[in-house]
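So the sequences go chain by chain: Y and A.
Throughout the first sequence, residue numbering follows the working numbering, covering 16 to 171 in sequence.
Throughout the second sequence, residue numbering follows the working numbering, covering 16 to 171 in sequence.
Every residue gets a Cβ at the ideal spot worked out from N, C-alpha and C, and that includes glycine.
Owing to the predicted nature of the structure, the values given are computational and were not obtained by experimental measurement.
There are 2 protein chains.
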Amino acid sequence: MLSQRCKYALKAMVDVARASGASRRVSDIAERENIPRKFLEAIMVDLKKGLLVESARGKLGGYRLSRPPDLVTFGEIIRLIDGPLALLPCASRNFYKRCEDCEDEVTCVLRRVLIDARNELAAVLDRTTLAAALAGSPQSQFAAAVLADDSSIPAG
Amino acid sequence: MLSQRCKYALKAMVDVARASGASRRVSDIAERENIPRKFLEAIMVDLKKGLLVESARGKLGGYRLSRPPDLVTFGEIIRLIDGPLALLPCASRNFYKRCEDCEDEVTCVLRRVLIDARNELAAVLDRTTLAAALAGSPQSQFAAAVLADDSSIPAG
DNA sequence: AAAATTCCTATTTCGCTTGTGGGAATGATA
DNA sequence: TATCATTCCCACAAGCGAAATAGGAATTTT
């Protein structure tokens, strides 16, 4: 399950994406999406640090996407806020961590299954972009190819 | 991510499945799988209440599967211990709960995406059985058909 | 009767999540 | 310059659940 924080982040990103390039204020997003304002402020800072949005301060300030919405995937947002998509760290690609209590990870039956599961889940989330979601149809192979991040993959 | 509890449950179920019908003691499972014994005791009781295993007390006591291993899926175990597979309750099939802060759930863009995600994830976990996992190949369409539990599905 | 097991109840400890509050830094406007 | 509205930063508090641990009751075999 996603954290409340992550759910808010996703809703906020969808909201910002709807602005088609324009800026949106935190207070407006918060009111529209029913998110506590101060809490959302902190979340937006995280999204900014993750380079998913850009910000402007002052009277005409607000947040806007730092990329076109067809280049921002749900998987990317979720990883930034909540971390791994996989059900266990040992089955994660981007947040791999060895299973402490596991004798032999390579032959671990459980891990094999959970890697299958994570791959299917990641396939959906890394291919579905904000643009696709707003358009209704869930596909954008282009973004999936562009955004594929295959760094630091465990051997086993 | 799965809880530690759920990871232990999965490892224990795989361990019990390896016994091919025989009983296994909690202390043996705990030692083999590196799980705190008292903690595992509580987990096994949960698995028993969920009808996934049967128990015998006393000197020759222990746990065994209550069904053949090709009729026990990973999805079933995870749901019993951790609850929904979906990333949000409003995208869950077996643990559906309305999203409080959501104005119109039917048209919610986020929910549509997360339902896709949950369906892909559930497809893997509900079709992969203990038997299939132990055999190495991940498929058992038979079990998926038998165990499909389509009760209480939200309309929207 | 003794030993070994499952099973039940209570408690503890710890860290994380979900916020709230105050105010500093920044930028537009008059 | 003064004012106002915004992002941004820091601290903290309350609550909650997860992960155990402990002790012993109930049950079954020998």
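Residue i: contacting residues in chain Y (beta-carbon distance under 8 Å)
i	result
Ile50 of chain A	Asp116
Residue i, DSSP secondary structure in three states
i	result
Gly77 of chain A	strand
Arg39 of chain Y	strand
Asp85 of chain Y	helix
Ala101 of chain A	coil
Arg47 of chain Y	helix
Met16 of chain Y	coil
Chain Y contact residues for residue i, given Cβ-Cβ distances below 9 Å
i	result
Leu66 of chain A	Within chain Y, no residue comes near Leu66 of chain A; the closest Cβ sits about 21 Å away, beyond 9 Å.
Terminal residues of the beta strand (DSSP E) in which residue i lies
i	result
Val68 of chain A	Val68 to Ala71
Extent of the continuous alpha helix (DSSP H) to which residue i belongs
i	result
Ile58 of chain A	Arg52 to Lys64
Val23 of chain Y	Looking at the sequence provided, one finds Tyr at residue 23 of chain Y rather than Val. Here the alpha helix (DSSP H) through Tyr23 of chain Y covers Gln19 to Ala32.
Val124 of chain Y	Val124 to Arg142
Gly90 of chain A	Phe89 to Asp97
Leu145 of chain Y	Leu145 to Ala150
Contact list for residue i against chain Y, beta-carbon separation under 7 Å
i	result
Phe89 of chain A	Val128
Of the residues the options, the one placed nearest residue i, counting alpha carbons only
i	options	result
Asp61 of chain A	A:Arg47, A:Arg94, A:Lys74 and A:Ala34	A:Arg94
Arg79 of chain Y	Y:Lys63, Y:Ile92 and Y:Leu100	Y:Lys63
Arg133 of chain A	A:Cys114, A:Asp30 and A:Leu100	A:Leu100
Gly76 of chain Y	Y:Leu140, Y:Val68 and Y:Arg108	Y:Val68
Asp43 of chain A	A:Glu56, A:Met16 and A:Leu66	A:Glu56
Ile58 of chain A	A:Ser81, A:Gly73, A:Asp116 and A:Ile92	A:Ile92
Listed by chain order, chain A residues near residue i by CB distance under 9 Å
i	result
Glu148 of chain Y	Correcting the residue identity first, residue 148 of chain Y is Ala in this sequence and not Glu. Simply Val124, Leu125, Arg127 and Val128.
Lys22 of chain Y	Leu102, Leu103, Cys114, Asp116 and Leu125
Cross-chain neighbours of residue i in chain A, by beta carbon under 8 Å
i	result
Pro99 of chain Y	Met16
Leu25 of chain Y	Leu125
Glu135 of chain Y	Glu135, Leu136, Ala138 and Val139
Where residue i meets chain A, residues with beta-carbon distance less than 7 Å
i	result
Val29 of chain Y	Val124 and Leu125
(request) Check whether the stretch 83-92 of chain Y touches the stretch 133-152 of chain Y, taking contact to mean three or more Cβ pairs, one atom from each stretch, closer than 8 Å. (result) Judged by pairs of C-beta atoms under 8 Å, the stretch 83-92 of chain Y touches the stretch 133-152 of chain Y, as three or more such pairs exist.
(request) Could you tell me whether the stretch 23-32 of chain A touches the stretch 48-56 of chain A, using the rule of 3 or more Cβ pairs below 8 Å? (result) Touching, yes, given that three or more Cβ pairs across the two stretches are closer than 8 Å.
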